[in-house]
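Chemist: One structure, as structure tokens, below. Some questions next.
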Amino acid sequence: MMKKKRLSASKASLVLFLCQMISALDVPLDSKLLEELSQPPTITQQSPKDYIVDPRENIVIQCEAKGKPPPSFSWTRNGTHFDIDKDAQVTMKPNSGTLVINIMNGGKAEAYEGIYQCTARNERGAAISNNIVIRPSRSPLWTKEKLEPHQVREGDSLVLHCRPPVGLPPPIIFWMDNAFQRLPQSERVSQGLNGDLYFSNVQPEDTREDYICYARFNHTQTIQQKQPISVKVFSMDSLNDTIAANLSDTDIYGAKPVTEKQPILLTPTGSTSTKVELRGSVLLLECIAAGLPTPGIHWIKEGGELPANRTFFENFKKTLKIIDVSEADSGNYKCIARNILGSAYHVISVTVKAAPYWITAPRNLVLSPGEDGTLICRANGNPKPNISWLANGVPIAIAPEDPSRKVDGDTIIFSHVQERSSAVYQCNASNEYGYLLANAFVNVLAEPPRILTPANKLYQVIADSPALLDCAYFGSPKPEIEWFKGVKGSILRGNEYVFHDNGTLEIPVAQKDSTGTYTCVARNELGKIQNEVQLEVKDPTMIIKQPEYKVIQRYGQVSFECIIKHDSTLLATVTWLKDNDELPDDERFLVGKDNLTIMNVTDKDDGTYTCIVNTTLDSVSASAVLTVVAAPPTPAIIYARPNPPFDLELTGQLERSVELSWIPGDENNSPITSFVIEYEDGLHEPGVWHYQTEVPGTQTTVQLKLSPYVNYSFRVIAVNEIGRSQPSEPSEQYLTKSANPDENPSNVQGIGSEPDNLVITWEPLKGFQSNGPGLQYKVSWRQKDVDDEWTSVIVANVSKYIVSGTPTFVPYEIKVQALNDLGYAPEPSEVIGHSGEDLPMVAPGNVQVHVINSTLAKVHWDPVPLKTVRGHLQGYKVYYWKVQSLSRRSRRHVEKKILTFRGNKTFGMLPGLEPYSSYKLNVRVVNGKGEGPASPDKVFKTPEGVPSSPSFLKITNPTLDSLTLEWGSPTHPNGVLTSYVLKFQPINNTHELGPLVEIRIPANESSLILKNLNYSTRYKFYFNAQTSVGSGSQITEEAVTIMDEVQPLYPRIRNVTTAAAETYANISWEYEGPDHANFYVEYGVAGSKEDWKKEIVNGSRSFFVLKGLTPGTAYKVRVGAEGLSGFRSSEDVFETGPAMASRQVDIATQGWFIGLMCAVALLILILLIVCFIRRNKGGKYPVKEKEDAHADPEIQPMKEDDGTFGEYSDAEDHKPLKKGSRTPSDRTVKKEDSDDSLVDYGEGVNGQFNEDGSFIGQYSGKKEKEPAEGNESSEAPSPVNAMNSFV
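Written as structure tokens, this is what we have:
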């Protein structure tokens, strides 16, 4: 017993020591006590000593303090009083010393640079803050300099200097290229600590013109860019460069290999250097070496080891990093650079100095009148700091004298203090590397005793265990504590009690008779107070029937009992474990009130099962082992769902609960695993059954929690492994009483729909949640961060309320409380909403465009002030559009494009630009309401690019040794064309290619006659255009020179033309060859890999109608002749028109139109017969004359904007031919050349085909040839109709 007492006493001493230490620092944190006791000021929050501020934002200098009475605040600036009332830009927050300097409304941050100090003062003393040095951050621009290109021999070292502008704080340096990609770094190429880029040796791949150094100033979130640096690496010496043009390839490639070099240090220079670092900071030492092969770097500390766990290597071991350095890290550090040719080294002498740091910081003293105490201030540093004292912010040497105070170096000794001795003392420890300032008050209090332990506090313990009764107290002088049992009992003494210095009474072994009232009395010379607490001693928890060892056959059922006895006033919970872990998540394990049942036992159920009983005061446990053995074979059993439960009974009806019992039905050879209880609310939702709860299959009673104002009926469903039973018959009805609502509406939101309103919405309570009749809602709101009272209204059972007349986009605190005829629900939680948004007021400024290449640009802008957004900032939209093409100097339809950049982003990329074009753009800020005003239009231009392929290539007029080539300029020149390049080569009968010939043609030419060709030879041509940037994509074509001047004997199909409508297209062609050819048309979707579809042409017609086409689809088509292998035309591509709904009357159903079409068809048939007769007679249609008459067909490109084919031009239209026309280049067949020409029948009719196959308008066109206008048309022949070879 004595041993136990001593142990308790030692514990109490430790607790007492800790409590005294805490009380010496501060008054006990009892809210009521703190309101009553006087206390000198204590600085609780202040800005950092070195405070770098954003010059664009308001300056906030923090100074918070506590004290009783609350302290007042004043400031000094640069050592003199700072009168904030005389500066309109400076305000002090209410009940605070924090200064706010308004920069955003006209103030200059530079004008407020200086050293600030805050003083918090009340009647008990004055506390001061650190000296806070205010400096605005700076991000100056790079000084302009002319950067000469670096020309370096391969293998030499190179240093690219960054020399960033001096900023505050210093910028972060990184190197990137023009594409904003970080330059790769390695052991050979790396960035130094000073930002320069070091090459240990240069390689040919280092040649580039875009080494760019960037400086990122994090404080102002700006990035400055140095001019790009060009590096060219030569792989031979300057002599070889000079005479390379006169040497053979062998001489050039036979130059000497690059000379290997031993290491030399690029940085630091020399053999030794020194570095001073401060204790606790990070030491960074750097060595970068030149050499070939690239040297490796190794670090050692002379006379010692590098510190473990604090040493790291960075930048490919070129940087040695030691964190949290101390004086022990001083010494010489050697870096060694080594390759196969030798080594170099450098020694860095490191000295670790130390700013002052605390050994013992002064602590607050709370003393009684007449007591003694000390303030100790001990600090260390290198050099050793000087200690000085201040009293209430004044040097102690000139402070008012206090006879109870004596200064002895780093200690102030107080003797026999009085209340007037209260003050705040400052200790300043400083050396050349910094200072420490600590405030510590001496608070002399004369206070009568107070007991902080709540009155009549109840303590509960288990019999035969210790009881600790608290009596937390405060008083000055320190009160004496006495304990009594009962109100009039005698003072407690003796070995059965332990009295702790903090007032706690310990009863080491509490018995049942220890139960009762205990009184604690605290007294000092200023008064006396007492407090009563209650002790209850409970019976221990016991397991009176423990689980027993079990052996069970596989697939059987086993139960473990755990019957307990516990104090009737305590709630006991029983938990079962298997092998000291939770029970498996398996429905076979059923936990009852006093047992654990395992159904359908398997081998894995072997193990130890433990029953643990817990109350709020104690815990007991017991275990048993289960062994599973094999089961004998059993006959087949028929399993079925259980029968429904019956005989439901309600008992123990209370306002919020009822007990339901039932009798299970037959389980039908499958044990019941659970019962599902459902309820019906006959008052709010009659006929609808809801899930209430589920209990194990061994349980036939359940205590159900109920809601007020609900007319309950219950039913039970039994569940086994086969399925669910039918529901039982409903129980009797039970109507619960009405009550206040238990909960409030959920999903409360406040979102304005207009700039001057606030729409408050919520999810209403369901019927049974109302808890009574007359459900309503109390809607309350007030503006956030404004000292306003709550505004409230009571509304009916709705889900929305609109507050009008609110300021635009300000935060509101909102709450919605439910109530009914009986009263209110609990106080709801507050949510933050916003009144309605309005369109932003300001456009982004300083819009800048950086053109990256001919199709990509980067746009930058300054963010708008958040106050002008007037809503939730969603991002920025960039509108940009092409103004004109610089190559054509012709304006086009303006199609604006929009890119959205989410969030507070200040830059974005503009892809897909057209080369050599002029663009405009503007930027707008976007909130939830919409877009703000646009910034002024910014004009930028894209550089030249490579052109598209020529619009067509047509080969005509074949002779024995020449061909005529005609072409159209590229649809998209993307710059100024410099020339055309023509390449061609012969193809023999086995499709082998001959030698390639290249010809360069001036850009102003549009035709060329190739002479001196081989007769009767097929040639393949490759043709492309060029700008100063390079060559564009090429177009190919094939043609054949003729064998002699007579008509070719080989058949051919040429001039395949199409005219397309929405769902059909009319195909026509010209045929030269034997009579009575049987034609077919093949077609398919352009770009598809599907097989060609084939249509047979009846008779020897030279036209055909393709039906059943899909509107708005591009098709490919070609024409062939049956029986002639490989004899077919070249491919043509056309596009059907888009599907369009027509409100006009279909003229095809009108009688007059049908008659007119019949007459026209009859006329055309007569003309065809005449032409056929003339042709058979020879007439004026020899092949040569026909070629002369139709030698210049043309194809117009598709429209740029919609990709559809245009219509044929009529005779009065002086514009170029619209896209899709297939008329000859001179647009007419001259009448004097052919009396039988159909030109006289054209009458300017549009060149579209009817569905019956007639080709009205096929030969319509102008009477005279006119020059092309602009770049949208061309008079060159069609590449589709170029001469085909004969097979």
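The opening residue of the sequence shown carries number 111 in our numbering; numbering runs sequentially from there.
Just so it is clear, CB atoms sit at the ideal spot from N, CA and C, and this is done for glycine as well.
Give me whichever residues DSSP pairs with TRP468 in a beta bridge.
Modeler: In the DSSP output, where bridge partners are listed per residue, TRP468 has ALA489.
Chemist: Exposed or buried, what is TYR922 when buried is set at 16 or more other beta-carbons lying within 10 Å of its beta-carbon?
Modeler: That one is buried.
Chemist: Is the beta carbon of VAL903 less than 8 Å from the beta carbon of PRO855?
Modeler: It is not a contact, given that the beta carbons lie outside the stated cut-off.
Chemist: Would you mind reading off the limits of the beta strand (DSSP E) that contains VAL163?
Modeler: First-last of the beta strand (DSSP E) with VAL163: 160–163.
Chemist: Can you list, in chain order, the residues of its chain with a C-beta nearer than 6 Å to that of GLY364? Leave out the 5 residues immediately preceding and following it.
Modeler: With a pLDDT of only 44 at GLY364, under the threshold of 50, the placement of this residue in the model should not be trusted; the figure read from the coordinates follows. Counting only Cβ-Cβ distances below 6 Å, and skipping sequence neighbours, we find nothing.
Chemist: Checking the sheet assignment: what are the DSSP bridge partners for GLY1399?
Modeler: Outside the modelled stretch of the chain, which goes from 111 to 1397, sits residue 1399, for which no answer is possible.
Chemist: Please classify HIS271: is it buried, with 16 or more other beta-carbons within 10 angstroms of its beta-carbon, or exposed?
Modeler: So HIS271 counts as exposed.
Chemist: Does the Cβ of PRO1326 have 16 or more other Cβ atoms within 10 Å, making it buried, or fewer, making it exposed?
Modeler: Low local confidence applies: a pLDDT of 38 at PRO1326 is under 50, so the model's placement there is unreliable, and no value is given.
Chemist: Out of curiosity, what's the CA-to-CA distance linking PRO513 and LYS463?
Modeler: So the alpha carbons of these two residues sit roughly 40 Å apart.
Chemist: Have a look at ILE1177, ILE722, SER586, ASN538 and flag the residue whose alpha-carbon is nearest the alpha-carbon of LEU147.
Modeler: Checking every option, the nearest Cα to that of LEU147 belongs to SER586.
Chemist: Would you kindly report the start and end of the unbroken beta strand (DSSP E) that includes PRO755?
Modeler: Counting along the chain, PRO755 falls outside any beta strand (DSSP E), and DSSP gives it neither H nor E.
Chemist: May I have the straight-line CA-CA distance separating ARG603 from PHE594, to the nearest angstrom?
Modeler: So the alpha carbons of these two residues sit roughly 9 Å apart.
Chemist: Tell me whether GLY1042 sits in a helix, a strand or coil according to DSSP, three-state version.
Modeler: GLY1042 falls in the coil class under three-state DSSP.
Chemist: Measuring straight from C-alpha to C-alpha, what distance separates THR461 and PRO373?
Modeler: If you take the alpha carbons of THR461 and PRO373, they lie about 28 Å apart.
Chemist: Can you give me the start and stop residues for the beta strand (DSSP E) that MET652 sits inside?
Modeler: Looking at the DSSP string, the run of the beta strand (DSSP E) that includes MET652 is 652–655.
Chemist: Residue range of the beta strand (DSSP E) that MET202 falls in?
Modeler: It spans 200–202 - the beta strand (DSSP E) in which MET202 sits, taken as one unbroken run.
Chemist: So, helix, strand or coil for ARG766, using DSSP?
Modeler: Note: ARG766 maps to coil in three-state DSSP.
Chemist: Would you give the residue range spanned by the beta strand (DSSP E) that SER183 belongs to?
Modeler: Here residue 183 turns out to be Phe, not Ser, going by the sequence shown. Unbroken beta strand (DSSP E) run through PHE183: 182–187.
Chemist: Could you spell out where the beta strand (DSSP E) holding THR1223 opens and where it closes?
Modeler: Segment: none, THR1223 is in no beta strand (DSSP E) and carries neither H nor E.
Chemist: In terms of residue numbering, what span does the beta strand (DSSP E) encompassing VAL1207 cover?
Modeler: Premise fails: VAL1207 is in no beta strand (DSSP E) and is neither H nor E.
Chemist: Give the range of the beta strand (DSSP E) segment to which ARG1128 is assigned.
Modeler: Start and end: 1128–1136.
Chemist: Distance check for ILE339 and ALA411, CA to CA, integer angstroms please.
Modeler: The question names Ala, yet the displayed sequence has Lys at residue 411. Looking at the two C-alpha atoms, the distance is approximately 38 Å.
Chemist: For TYR659, count neighbouring Cβ atoms within 10 angstroms of its own Cβ and tell me buried if that reaches 16, exposed if not.
Modeler: Under this definition TYR659 is an exposed residue.
Chemist: If you count every other CB in all the chains shown that lies within 10 Å of the CB of ASN1114, and 16 or more means buried, which is it?
Modeler: Flag for ASN1114 reads exposed.
Chemist: What are the residues that DSSP puts in a beta bridge with PHE423?
Modeler: Paired residue(s): LEU430.
Chemist: Please confirm if the stretch 981–988 is in contact with the stretch 1030–1037, defined as three or more CB-CB distances below 8 Å between the two stretches.
Modeler: Verdict: yes, contact present.
Chemist: Can the beta-carbon of ASN850 be found closer than 8 Å to that of LEU932?
Modeler: Yes, they are a contact pair.
Chemist: Leaving out five residues on either side along the sequence, give the residues of the same chain with a beta carbon under 6 Å from the beta carbon of LEU393.
Modeler: Within the same chain, LEU393 has close Cβ partners GLU387, ILE432, VAL435.
Chemist: Looking at ASN881 and SER848, is the spacing between their C-beta atoms short of 8 Å?
Modeler: Cβ distance < 8 Å, so SER848 and ASN881 count as in contact.
Chemist: Measuring CB atoms only, is the stretch 720–727 touching the stretch 679–688, in the sense that at least three cross pairs come out at less than 8 Å?
Modeler: Result yes; three or more Cβ-Cβ pairs closer than 8 Å.
Chemist: Relative to the C-alpha of GLU529, which residue among VAL554, LYS968, GLY1055 is closest?
Modeler: Among VAL554, LYS968, GLY1055, the Cα nearest to that of GLU529 belongs to VAL554.
Chemist: Whose CA, out of TRP1179, TYR1225, PHE1189, ASN1176, lies closest to the CA of LYS1199?
Modeler: Per the Cα distances, TYR1225.
Chemist: Rounding to the nearest angstrom, what Cα-Cα distance links LEU706 and SER669 in this structure?
Modeler: When rounded, the distance between both Cα atoms is 5 Å.
Chemist: Please state whether DSSP places MET709 in a helix, a strand or coil.
Modeler: Reduced to three states, the DSSP call for MET709 is coil.
Chemist: Rounded to a whole number of angstroms, what is the C-alpha to C-alpha distance between THR429 and LEU303?
Modeler: Those two C-alpha atoms are separated by around 9 Å.
Chemist: With DSSP as the reference, please indicate the residues paired to ARG825 in a beta bridge.
Modeler: GLU788.
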